[in-house]
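Residue numbers (our numbering): 188 to 434.
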């Protein structure tokens with residue numbers, strides 16, 4: 188797929204859905220063949236994670252499961268009658284499975300469109316193995332991050348200061364607003380989500396994440412540096428899935 192096709196959105200819904208299914212199916216296969224004996228599993232947020240839950244429901248039933256969002260918790264219970272463990276009791280995960288919104292060729296990620304970036308990062312930091320499942324529209328093949336807005340979670344009282352400061356760092360920030368409601372989106376932690384449009388490509392994901400975290404009021408960023416938080420990214424296409432491993 189060309190970059191023009193990627194950025195203009197020239198792909199069919201059926202191919203995207205097939206990509207989600209194939210990436211989730213490959214992750215389920217990996218879990219069955221290489222990680223079936225693990226006890227503690229973390230699950231992220233999003234539509235591809237829900238497909239994974241559907242496909243791997245039999246394996247998840249007897250595991251200790253932590254989730255990153257209320258949305259995933261509700262889906263897990265509706266499908267399996269399984270209640271996830273309290274994330275505040277989290278000490279260790281054998282494996283963490285989540286989606287992503289943008290993936291570079293260096294396996295740097297942008298995550299957090301579901302607003303759960305703080306808890307998603309907590310699960311990723313706690314896991315021995317981190318696997319991300321995406322359809323082909325999320326994988327740019329580029330060495331930098333630039334295609335998607337980068338979410339940051341911000342303490343509400345600091346939001347005006349944060350927005351003013353982030354403009355100095357060559358981002359265009361915007362407070363995320365909810366569909367069908369007045370005011371900003373509130374995370375599960377009671378904070379605002381501010382989406383950042385990069386004014387230039389993010390060449391060094393780790394350094395950019397660290398700079399953003401230094402801004403007073405920024406709690407967490409949606410940048411997941413590949414060198415620290417990524418082991419495998421499974422990219423699903425209409426007819427196959429490819430597992431990309433950190434070199």
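The beta-carbon is built from N, C-alpha and C at its ideal position, and this holds for glycine as well.
Rounded separation between residue i and residue j - CA only
i, j, result
"residue 339", "residue 353", "11 Å"
"residue 391", "residue 245", "40 Å"
"residue 333", "residue 281", "31 Å"
"residue 422", "residue 431", "8 Å"
"residue 290", "residue 336", "12 Å"
"residue 303", "residue 407", "10 Å"
"residue 426", "residue 272", "36 Å"
"residue 415", "residue 365", "31 Å"
"residue 409", "residue 296", "8 Å"
"residue 174", "residue 402", "In the structure as shown, the chain starts at 188 and stops at 434, and residue 174 therefore has no counterpart that could be examined."
"residue 283", "residue 419", "10 Å"
"residue 307", "residue 328", "23 Å"
"residue 405", "residue 376", "13 Å"
"residue 194", "residue 318", "Here the model assigns residue 194 a pLDDT of 40, short of 50, so the residue's position is not dependable and the matter cannot be decided."
"residue 226", "residue 351", "45 Å"
"residue 312", "residue 393", "14 Å"
"residue 205", "residue 372", "30 Å"
"residue 288", "residue 235", "11 Å"
"residue 315", "residue 222", "11 Å"
"residue 370", "residue 242", "37 Å"
"residue 417", "residue 250", "22 Å"
Cβ neighbour criterion (16 or more within 10 Å) applied to residue i
i, result
"residue 428", "buried"
"residue 189", "Residue confidence for residue 189 is low, a pLDDT of 41 falling below 50, so the modelled location carries little weight and cannot support an answer."
"residue 385", "buried"
"residue 255", "buried"
"residue 434", "exposed"
"residue 220", "exposed"
"residue 151", "A query on residue 151 cannot be resolved here, the shown segment of the chain reaching from 188 to 434 and no further."
"residue 264", "exposed"
"residue 399", "buried"
"residue 210", "buried"
"residue 413", "buried"
"residue 215", "buried"
"residue 201", "exposed"
"residue 192", "Here residue 192 scores only 43 on pLDDT, less than 50, and its place in the model should not be relied on; the value that follows carries that caveat. The residue in question, residue 192, is exposed, as its Cβ has fewer than 16 Cβ neighbours within 10 Å."
"residue 374", "buried"
Selected residue, minimal CA-CA separation from residue i, among the options
i, options, result
"residue 309", "228, 294, 432, 424", "228"
"residue 381", "362, 270, 234", "362"
"residue 378", "344, 400, 395, 399", "344"
"residue 252", "270, 262, 212", "270"
"residue 212", "238, 230, 223", "238"
"residue 207", "225, 294, 224, 233", "233"
"residue 203", "417, 371, 323", "323"
"residue 424", "325, 305, 226", "325"
"residue 261", "242, 230, 249", "230"
Beta-carbon spacing of residue i, residue j below 8 Å
i, j, result
"residue 286", "residue 258", "no"
"residue 298", "residue 330", "no"
"residue 267", "residue 248", "yes"
Closer than 7 Å: residue i CB and nearest the ligand MG heavy atom
i, result
"residue 223", "You won't find the ligand MG in this model; it holds no ligand whatsoever."
When the Cβ atoms of the stretch 347 to 363 are set against those of the stretch 268 to 277, are three or more pairs found closer than 8 Å?
The stretch 347 to 363 makes no contact with the stretch 268 to 277, as fewer than three CB pairs between them are under 8 Å.
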